[in-house]
Each structure stands twice: as C-alpha cells, then as structure tokens.
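Numbering (this note's numbering), first residue to last: 690 to 1040. No residue lacks a Cβ here, since even glycine has one placed at the ideal position from N, Cα and C.
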C-alpha cells in the first residue's frame, strides 16, 4: 500500500513539476509563434505523450512519460490566457478568465471521477488511451474555432525579439515586491486544492468509504458552475480583496472537512472550499496583470508556473501526512491557505 501510494503521488508530482516549469518556456513560445499554433500543437503533442504513458511497461518509464506529458500539456494554459486577453472584450474578461480557471479546477475533479469509473470497467491504461484520443479531437476543434492571429498587432517595433529577450521581464517582475508576494500566494491556491483531494484519496475522512468516494469527488462540481455565473458581481470587488477573502474561506472549510460529522458535512465543506479556490485563482491573475504593465505575457507565465508548482507540491505534502490521519492533511492545507491569504493581504497593503 505504501509503495502504491508513493507511486501515485510521484507520478502526479513529476507531471506537475514538468507542467509548471514548461510554462516558463511556453509563454514566450506563444508570443513568438502565435496562440493557435501553440495551443493546437500542444494538444496534439499531449495526445502522443499520453499514449506513451498508457504503453509504459514499468514505473520508471511511466514517470519519464509523465514528465514528457507535463511538458507538452504546458503549451496550453499560457497561450489560452493570452488568447483571451487579446480577443475578449475587457468588459467580459473577468467572466472569461473565471470560466477558464474554473474549467481547470473542474477538469481536476472530473478526471478523478471519470478515471475511477473507467479504471473499474477497463483498467488504468484505458484512462490514458481515451484521453489520448480526446486530445486529438480537441486539437482539431481548436484549429477550426480559434482565430489564426491576434487582432490589431500594430506597427513593427525595434524591440529585441526572440526567446532570450522574452525571458528578460521575469527578473523585473520578481523584483516588484507586490508582484513577488502575489506570485508566492499563487502557490497556495492549487497546492491546497490538489493536496486536499489527494488526502481524501489516500486517507479518507471518517465515515467515507470507497463506495462514497465517487459522489464526494463530484459534490463540488456545482461550485465550479456557479462561480463563473457570479463573475459579474465579483468584478466589482478589488482582486486582492477577493483573493484574501477566498483563501480565508478555503482555510476554514479545509479544516472543517476533518470534523466527524459524516459524508454530507464533508461534501458541503468541499463545495464551499472549491468555490473559494475558483474565486481566488482568476482574482490572482487579474491582480497580477493589473500591475505587470507591458510584461503581461511574462506575468501570466509566472502566474501559471507558481500556480502549478503548488499543484505538484500538494500531493507530496498529503502523502507525508496521510499516515498520521486525514486531520493532519486537512490542517496542513488550511495552514497553507491561511499563509496565502496573509501574503495577498500584505501585497494589498504594500501596494
């Protein structure tokens, strides 16, 4: 059991680290080559690497395939964020960003629900085989739907071009104390989300058995639908205020899932917890973009990097604490969310 648990968390971490590190490269790549080619190319490449995961004959080769899968999958998010910034009217941008970030969270939950059902019916490899085919279909759809180039590119400039010049803004962004605090706060968002769900899988809360796990994972999906519908109202609240409030709510509800009140209580807490994360993620990218000036592309890459750096660390923390009990995982995730809220609060005060 210990080896299986370690293997599960390490495959998640290897994917997450490659995914996060890839953002630092793929953001500038989409600036250079265009959003549609990078998005479509990334989806098709991910189809191939996902197939390699399904066919891997050993754990070692499976980990290598997961690293490759994370690297190719990282082509999507920065290009997608940049595409929305270029093509969506500013009045609807908060809604668009909220829908995109909520879709990432929903994918994380739906993937667990679907993989549990598919693995029970056809075995674990079927999950990756079906995903590989899905990436091909989504790649074809993206090529047909997405605009080939950004509107209003403007006249040519004499600014330095190429990948090396694209990495220059990273240093300047990290030297800004407000942005540095916000980037570190980003680590907590998906860190607590993935960490808490990993803890539920490895060491279920009291009263939760294997039969109820599927329903528990799906219980938070309504929150991911509701939050984008409330984007118009949320847009009237300052981004940093949304971040602080949402992460405080996430901390409280993460801790509350450890209370021995049964599966209905845990499901309710998860519903509020996921809603809070779905509010915090787009609010952070909005707060960062507002302060990044002309370096928004680089800022988006750093945002996605730190966001998924947390996602890769969360499972390891959960794995370390799962042996102690679920209460330890829930307490640790609550503490991380509280730290993220504190960092965002300090950033707002410094600004």
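For residue j and residue i, the rounded distance between their alpha carbons
i	j	result
residue 681	residue 743	This structure cannot speak to residue 681, because the chain is shown only from 690 to 1040.
residue 811	residue 878	33 Å
residue 1020	residue 944	5 Å
residue 762	residue 707	9 Å
residue 1030	residue 874	7 Å
residue 845	residue 961	Low confidence applies here, because residue 845 scores a pLDDT of 46, under 50, leaving its location unreliable; read the following figure in that light. Taking the straight line from one Cα to the other gives about 48 Å.
residue 776	residue 719	15 Å
residue 704	residue 905	25 Å
residue 699	residue 828	28 Å
residue 865	residue 1039	11 Å
residue 977	residue 872	8 Å
residue 861	residue 799	38 Å
residue 748	residue 1014	27 Å
residue 746	residue 984	44 Å
residue 894	residue 802	18 Å
residue 758	residue 948	37 Å
residue 796	residue 883	12 Å
residue 889	residue 830	35 Å
residue 964	residue 769	22 Å
residue 751	residue 925	46 Å
residue 633	residue 1026	With the chain covering 690 to 1040 only, the question about residue 633 has no answer from this structure.
residue 1034	residue 863	18 Å
residue 950	residue 809	29 Å
residue 739	residue 733	10 Å
residue 956	residue 838	43 Å
residue 902	residue 721	44 Å
Residue i - DSSP class collapsed to helix/strand/coil
i	result
residue 709	helix
residue 892	coil
residue 838	coil
residue 949	coil
residue 927	coil
residue 921	helix
residue 884	helix
residue 1039	helix
residue 941	helix
residue 909	coil
residue 897	coil
residue 828	helix
residue 982	helix
residue 723	coil
Cβ distance (whole Å) where residue i is taken to contact residue j below 8 Å
i	j	result
residue 730	residue 773	Between residue 773 and residue 730 the Cβ distance is about 19 Å, and since that is not below 8 Å, they are no contact.
residue 725	residue 794	Their Cβ separation, rounded to whole angstroms, is 25 Å, which puts residue 725 and residue 794 out of contact at 8 Å.
residue 771	residue 986	6 Å
residue 717	residue 993	Not confirmed; about 13 Å, so no contact.
residue 929	residue 1037	4 Å
residue 665	residue 760	Nothing can be reported for residue 665: it is not among the residues displayed for the chain, which extend from 690 to 1040.
residue 868	residue 972	So it is not a contact: roughly 15 Å between Cβ atoms.
Starting from the N-terminal side, write out each stretch of the alpha helix (DSSP H) that is 4 residues or longer and does not extend beyond the region 727 to 771. 748 to 762
Which runs of the alpha helix (DSSP H) at least 4 residues long sit entirely within the region 774 to 818? Give them in chain order. 779 to 811
Would you call the region 786 to 801 and the region 961 to 970 in contact, with 3 or more CB pairs under 8 Å? yes
For the structure I just gave you, are there three or more beta carbon pairs, one from the region 1007 to 1022 and one from the region 929 to 937, closer than 8 Å? no
At 4 residues or longer, and completely inside the region 985 to 1033: list those alpha helix (DSSP H) runs for me, N to C. 985 to 1011
So does the region 918 to 928 actually touch the region 804 to 819, counting three or more Cβ pairs closer than 8 Å? no
Cβ contact (3+ pairs, closer than 8 Å) linking the region 817 to 829 and the region 899 to 913: no
Across the region 993 to 1008 and the region 877 to 893, are there enough close Cβ pairs to call them in contact, namely three or more that are closer than 8 Å? yes
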